[in-house]
Amino acid sequence: MADLKERAPQRLNKRPEEDVGPPVVEIRKLWTRFGRTVVHQDLNLDIYAGEILTIVGGSGTGKTVLLRQMLGLERPSEGCVKVFGEDISQADPEHLQHMRNHWGMLFQQGALYSALSVFDNIAFPMRELRALPEDVIRDAVLLKMDMVGLGPEHANKMPSDLSGGMVKRAALARALALEPRLLFLDEPTAGLDPDLSDAFVSLIQTLHSELKLTVVMVTHDLDTLFALSSRIAVLAEKHVLAVGPACDVLRVQHPFIKHFFLGPRGQRALEVLEERHAQNESED
Ligand SMILES: Nc1ncnc2c1ncn2[C@@H]1O[C@H](COP(=O)(O)OP(=O)(O)OP(=O)(O)O)[C@@H](O)[C@H]1O
Ligand SMILES: [Mg+2]
5 MADLKERAPQ RLNKRPEEDV GPPVVEIRKL WTRFGRTVVH QDLNLDIYAG
55 EILTIVGGSG TGKTVLLRQM LGLERPSEGC VKVFGEDISQ ADPEHLQHMR
105 NHWGMLFQQG ALYSALSVFD NIAFPMRELR ALPEDVIRDA VLLKMDMVGL
155 GPEHANKMPS DLSGGMVKRA ALARALALEP RLLFLDEPTA GLDPDLSDAF
205 VSLIQTLHSE LKLTVVMVTH DLDTLFALSS RIAVLAEKHV LAVGPACDVL
255 RVQHPFIKHF FLGPRGQRAL EVLEERHAQN ESED
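So the sequence shown is residues 5 to 288, counted in my numbering.
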């Protein structure tokens with residue numbers, strides 16, 4: 005077995021710079037096995053209030069599974085996942101559902117229920133609570149649609165009648181339906197063209213700052229990653245290989261990091277990031 009000491013994450017700036025209190029999500033010694041396949045091996049990760057933590061890693065490294073474990077939709081084989089201080093693998097189903105009401109999720113696939121209209125998709129989590137009258141739900145749905153830039157004229161459309169960007173917006177509105185404190189985004193800009201992707205990134209930026217959300221995101225898209233992330237966690241060799249702000253993670257010597265960040269696309273995205281930093285500093 006690998007020496008666990010060697011497997012500890014690189015010693016980067018593991019916490020955000022300002023003091024933000026205890027982690028919102030705390031993952032300790034997590035193992036995931038499917039049959040004889042080990043996906044995660046002794047994985048540790050902390051996510052703090054108010055940050056946008058982006059998880060990157062090659063295809064099949066277990067990013068989606070890790071998000072599903074944070075949501076309590078899957079149980080790790082070993083280890084512990086605490087969300088807001090509670091060990092979710094110990095929570096009973098009813099309590100877990102109650103906790104999940106405070107989290108929003110934009111799934112990588114199947115973002116919307118295809119048989120329901122946009123309105124009914126967004127209303128779905130509210131109706132599931134069985135506590136809100138329809139007129140309150142109606143106002144709340146229209147408010148969420150407005151928040152994500154979908155006019156009321158789209159309310160009765162079916163998902164198949166929407167463009168890719170509109171599907172993502174509607175799915176985001178549904179994820180925000182119950183005013184979550186914690187938002188999970190799995191590949192939020194995959195499949196969007198560059199303009200729509202930029203628009204979606206701005207939308208997430210605005211919502212993040214206005215709603216004071218903690219966001220856990222998975223993305224392959226470097227522009228999205230550099231535009232949004234407070235910190236980046238690199239999933240490789242079955243664990244979190246490095247975690248910290250982009251500038252620190254990029255300095256880590258590892259083939260995946262080199263390949264992922266420092267190819268031509270990575271260089272371009274980095275240049276944009278540096279330009280933006282320079283601009284911000286000259287404005288300050
Ligand atoms: N229910 C399951 N049963 C068996 N294997 C599974 C199951 N769920 C996931 N896996 C396997 O676990 C591994 C990680 O899957 P996961 O979907 O988390 O990858 P990912 O990092 O999100 O990949 P991508 O970037 O392609 O979305 C894959 O090899 C997948 O086949
Ligand atoms: Mg995935």
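Note that the Cβ used here is the ideal one computed from N, Cα and C, for glycine as well.
- Q209 carries a helical assignment under DSSP once its states are collapsed to helix, strand and coil.
- Counting only residues whose CB is nearer than 7 Å to a non-hydrogen atom of ligand 2, the list in chain order is K67, T68, Q112, D190, E191 and V222.
- Assignment of beta-bridge partners to T36 by DSSP yields H44.
- Taking C-beta atoms under 8 Å as the contact rule, A53 and V24 qualify, at a distance of about 5 Å.
- Taken atom to atom, the span from the alpha-carbon of V247 to that of V222 is near 14 Å.
- Scanning the stretch 137-188 for uninterrupted beta strand (DSSP E) segments of 3 residues or longer gives nothing; none is fully contained.
- Under DSSP, D91 takes part in a beta bridge, and its partners are K86.
- Each of L180, E78, L200 and H99 was checked against the Cα of E214, and the nearest Cα belongs to L180.
- Put simply, the stretch 106-121 touches the stretch 165-175. At least three CB pairs are less than 8 Å apart.
- A check of alpha carbon separations from R235 across I56, D190, N48 and E279 identifies I56 as the nearest.
- Taking all protein chains in view, the Cβ of N160 is surrounded by fewer than 16 other Cβ atoms within 10 Å, so the residue is classified as exposed.
- For T228, there is no enclosing beta strand (DSSP E); the enclosing alpha helix (DSSP H) has its first and last residue at L226 to L232.
- Scanning its chain for C-beta atoms nearer than 7 Å, with the 5 sequence neighbours on each side dropped, one finds around S81 the residues W35, T36 and R37, in chain order.
- Taking L226 as reference, the option from D165, F265 and P129 with the minimal CA-CA separation is F265.
- When secondary structure is reduced to three states using DSSP, A282 falls in the helix class.
- Counting along the chain, H263 sits inside no beta strand (DSSP E); it lies in the alpha helix (DSSP H) bounded by residues P259 to F265.
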